[in-house]
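Number of protein chains: 2
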Amino acid sequence: MKKENQQIGWPKGFRSSGISAGIKVDGSLDMALIYSDVLATAAGVFTTNQVCAAPVKLCRAHLKEPHARAIVVNSGVANACTGKAGMESAALMASQTADELACLPEEVLVCSTGKIGPQLPMEKIGSGLVALADSVAIDQIDVTAQAIMTTDTRSKQVVRDIELGGLAVRLTGLAKGAGMIEPNMATMLAFITTDASVEPGVLQQVLSSAVDQSFNRITVDGDQSTNDTVLILANGTSGAVVESMDPTGYGAFVTALNEICFDLAMMIVRDGEGADRFVTVVVDGAQSIDEADLAARAVANSLLNKTAWAGTYPDWGRIMDAIGYAAAQVDEERVNIFYGTTQAVEGGIQAAISMEEMVKAVSEVELLIRIELGLGTGSATVYTCNCTEAYVQINV
Amino acid sequence: MKKENQQIGWPKGFRSSGISAGIKVDGSLDMALIYSDVLATAAGVFTTNQVCAAPVKLCRAHLKEPHARAIVVNSGVANACTGKAGMESAALMASQTADELACLPEEVLVCSTGKIGPQLPMEKIGSGLVALADSVAIDQIDVTAQAIMTTDTRSKQVVRDIELGGLAVRLTGLAKGAGMIEPNMATMLAFITTDASVEPGVLQQVLSSAVDQSFNRITVDGDQSTNDTVLILANGTSGAVVESMDPTGYGAFVTALNEICFDLAMMIVRDGEGADRFVTVVVDGAQSIDEADLAARAVANSLLNKTAWAGTYPDWGRIMDAIGYAAAQVDEERVNIFYGTTQAVEGGIQAAISMEEMVKAVSEVELLIRIELGLGTGSATVYTCNCTEAYVQINV
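Protein sequence lines, in the order shown, are assigned to chains A and B.
Its first residue numbered 1, the first sequence is counted upward by one per residue in the working numbering.
Its first residue numbered 1, the second sequence is counted upward by one per residue in the working numbering.
Next up, the structure:
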């Protein structure tokens with residue numbers, strides 16, 4: 001159950017820290033550590049980009065044995081496109097962290113985010129790891145969340161408390177990401193911890209499913225990143241066990257995890273680089289779910305639509321255009337388009353509605369665009385934001 | 001043979017006009033007519049968008065009989081997503097033009113470009129058609145080219161003179177387009193005329209091939225339009241005949257047509273909305289031509305790359321990222337990337353080169369980016385431009 005205005009804290013048996021190691025030139029926080037007092041079950045979902053960062057490769061290798069004690073993160077440098085030296089740096093980051101925490105290197109998961117290309121400054125990272133281990137505590141979640149940020153304007157934290165078999169269970173998630181955000185993962189990192197006990201196979205399955213419905217449904221600029229990573233650690237400290245044989249408990253846990261991932265994903269879109277509007281694109285009535293998804297993504301990723309949403313002119317023609325070139329069956333004459341509850345297009349042409357009503361409908365900061373294709377039962381939703389001049393300024 | 005500083009004129013037997021019919025609110029030129037004194041062979045290539053404008057549907061129908069006397073164009077309103085009323089307007093535009101020119105409606109090809117959604121103002125169009133017919137002349141090519149513009153900052157005209165069997169033959173082309181430009185056609189119109197005689201089947205074939213190598217290789221913003229149209233009229237007035245049985249003459253004609261289309265396409269990219277840099281993306285060494293094409297388009301359409309090219313920072317990591325998510329096989333460790341002749345990436349990591357050299361290489365207004373995948377012999381080139389804050393301003 002979600003509690004409003006709840007203070008964010010870790011589940012039992014987790015601690016963390018966030019420090020400045022001098023990787024970012026402005027001296028802001030740039031290294032984070034999330035630590036479990038006991039060995040936790042671990043699972044991960046990673047970028048599908050063929051060009052992926054050294055820490056992603058390392059995490060995949062470490063998760064072949066699905067247990068971990070710690071997640072260590074640096075921001076500022078992505079350690080992507082860094083070749084053999086980059087792989088050595090990622091491995092060193094794991095082994096140095098393991099030394100500090102008295103665990104095995106394979107029990108450390110490593111993440112990096114930031115500039116692609118440069119090598120990690122391993123001297124700074126080394127000193128940073130010592131400082132991280134020294135300052136690890138139960139109440140450092142704010143600085144931990146801040147230390148993983150890059151172009152984010154605010155940190156992203158979510159918590160859910162549930163009851164499993166009479167035992168209190170918590171799930172806490174952190175995320176970062178604001179640009180290079182595209183379905184199938186993005187320049188985003190998300191770390192979820194829980195004090196429930198979950199079997200590795202089940203943990204991987206519920207995480208993958210939650211990611212599909214959340215992080216894989218958002219897009220800021222259509223660029224898939226080299227470093228996207230979602231990790232979950234379940235340390236069992238609460239004593240509660242999530243089992244698929246217990247449908248009620250399993251359902252409660254899955255729901256909470258889905259909500260955590262969804263909320264974090266929405267926070268990322270809302271913090272989209274330079275964006276000031278949150279846009280939900282729903283496609284209904286496609287011939288299949290896949291086609292609904294393709295049509296929704298075409299609209300959400302269309303630069304002409306994203307720039308239109310920076311204004312208040314109801315440019316529904318650009319939506320028609322985008323679904324027309326999507327790899328989904330479209331019959332122009334059957335298309336209806338709604339801004340919120342206001343119908344802008346009926347049967348492929350402008351609905352009988354005044355320009356004033358349409359401008360009002362399209363001026364909502366939280367814009368819901370619903371497209372009915374009228375061809376079948378396939379439905380899909382994608383969450384995105386507008387593209388403003390500020391996006392260009394940030395990315396020049 | 002291309003002649004420099006040559007004055008642009010129509011081939012023999014063509015005339016044209018351009019007027020203001022009051023469709024555009026600022027009173028600028030918004031209707032154009034291209035007219036052949038005799039019935040010409042005609043061919044066309046159109047948008048692949050499933051949502052296509054009424055005039056596109058009408059042109060396709062009229063070209064079932066591949067002959068035409070005239071092309072009539074309006075700018076300001078696209079007559080797209082206008083349903084049955086829009087089809088009637090397009091047909092009326094053809095029949096009214098035919099009345100003025102004393103030809104059959106089926107011999108008139110109609111094009112519209114501009115805003116999607118509104119109906120054509122048929123009263124203004126009707127008066128405009130009379131004015132167009134009244135002012136048609138051999139020396140009105142400048143106003144004709146201007147009258148088809150929308151967000152273009154300059155008109156686009158190209159001419160080639162060749163000799164076929166001792167006879168002088170001319171090809172003259174006009175185009176418009178600056179935004180919504182994406183391979184597989186864009187919000188662009190192009191009209192090519194020639195006084196050679198070419199059989200319908202041959203004309204369609206050489207036009208389709210020329211379009212594939214030119215208009216289908218450019219991208220401004222990745223948005224395919226509802227109205228894209230390339231038309232060619234060959235009226236035979238020169239007396240010269242293009243025949244595939246005459247390889248020399250056929251080759252000269254095809255070369256000239258390819259050059260016309262390529263030059264017009266490059267003019268469109270160079271006039272990309274808000275753009276101030278011209279970027280050529282070459283992918284070599286892909287497993288196939290199709291994969292090279294997909295990788296080149298991923299880079300050219302990546303918003304992060306397009307915004308990077310608005311600055312002078314050598315952000316080659318964004319190129320690596322884009323090829324990594326392209327639907328083309330990429331082996332990170334084999335990738336080389338060059339800015340002009342300067343190698344930025346060698347084997348997937350930064351080449352041994354100073355930042356100064358790299359900044360210098362990436363600061364060229366005409367930027368050539370060459371990507372070697374090292375996997376095969378597939379090669380492809382895409383022409384694009386950068387994305388600046390001005391693009392957002394234009395499209396809000």
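Note that beta-carbon positions come from the ideal geometry of N, C-alpha and C, so glycine has one too.
| Check | Outcome |
| --- | --- |
| Buried or exposed (CB count within 10 angstroms, at least 16 for buried), Lys64(B) | exposed |
| 8 Å contact criterion, which Ser112(B) and Ala21(B) should meet: CB distance rounded | About 12 Å; that fails the 8 Å criterion. |
| Cross-chain neighbours of Trp316(A) in chain B, by beta carbon under 7 Å | Gly117 |
| Chain-ordered neighbours of Val330(A) on chain B, where CB pairs are closer than 8 Å | Gln50 and Val51 |
| Any C-beta of chain B under 9 Å from that of Glu182(A) | At Glu182(A) the pLDDT is 45, less than 50, meaning the model places this residue with poor confidence and gives no usable figure here. |
| Below-9 Å beta-carbon distance, Ala90(B) vs any chain A residue | no |
| Distance between beta carbons of Gly251(B) and Glu196(B), contact taken as under 8 Å | Reading off the sequence, residue 196(B) comes out as Ala, not Glu. That pair is no contact at about 13 Å. |
| Run of the alpha helix (DSSP H) containing Val446(A), from where it starts to where it stops | Because chain A here runs from 1 to 396, residue 446(A) falls outside it and cannot be looked at. |
| Ser225(A): contacting residues in chain B (beta-carbon distance under 8 Å) | Asp321 |
| Alpha-carbon to alpha-carbon, Phe14(A) and Glu464(A) | An answer regarding residue 464(A) cannot be provided, because it is not within the stretch 1 to 396 covered by chain A. |
| Three-state secondary structure (DSSP) of Ser225(B) | coil |
| Alpha-carbon to alpha-carbon, Ser36(B) and Glu106(B) | 14 Å |
| Beta carbon of Ala190(A) nearer than 9 Å to that of Phe215(A) | yes |
| Cross-strand partners of Asn216(A) (DSSP beta bridge) | Answer is none; Asn216(A) lacks a bridge partner. |
| Residue from Val282(B), Leu171(B) and Phe338(B) with nearest C-alpha to Ile420(B) | No answer is possible for residue 420(B): it lies beyond the span of chain B, which begins at 1 and ends at 396. |
| Ser36(B) beta carbon near the ligand NAD (any heavy atom closer than 8 Å) | Ligands in the displayed structure: none, and consequently the ligand NAD is not present. |
| Asn184(B) versus Arg217(B) - alpha carbon distance | Any reading at Asn184(B) is ruled out, since the residue's pLDDT is 40, under 50, leaving its predicted position unreliable. |
| Residues near Lys12(A) by beta carbon distance below 6 Å, same chain, minus five either side | Asp195, Thr237 and Ser238 |
| Paired residues, beta bridge with His62(A) - DSSP | Answer is none; His62(A) lacks a bridge partner. |
| Below-9 Å beta-carbon distance, Gly44(B) vs any chain A residue | no |
| Which of helix, strand or coil DSSP assigns to Asp142(B) | helix |
| Check whether Val281(A) and Pro314(A) have beta carbons under 9 Å apart | no |
| Within chain C, the residues that Thr82(A) reaches when beta carbons sit closer than 8 Å | This model lacks chain C altogether; the protein chains it does include are A and B. |
| Inter-residue Cα distance where the pair is Leu203(A) and Val38(A) | 17 Å |
| Any alpha helix (DSSP H) of 4 or more consecutive residues that is wholly inside the region 278-336 of chain B | 289-301, 303-308 and 316-325 |
| Through-space distance from Pro55(B) to Val206(B), alpha-carbon basis | 23 Å |
| Residues bridged to Lys156(A) (per DSSP) | Ala175(A) |
| Short CB-CB distance (under 9 Å) between Cys261(B) and chain A | no |
| Residue interval of the beta strand (DSSP E) (run including Met31(B)) | Met31 to Phe46 |
| Beta carbon proximity, Glu291(A) to chain B, threshold 9 Å | no |
| Against chain A: residues of the region 282-312 of chain B by CB proximity under 7 Å | Ser302, Leu303, Leu304, Thr307, Ala308, Ala310 and Gly311 |
| Sheet register partners of Arg370(B) (DSSP bridge) | Val282(B) and Phe338(B) |
| Whole-angstrom distance between Glu389(B) and Leu367(B), CA atom to CA atom | 19 Å |
| Gly76(A) in three-state terms, based on DSSP | strand |
| Cβ-Cβ separation, Thr144(A) to Ile34(A) (assumed contact under 8 Å), whole Å | 7 Å |
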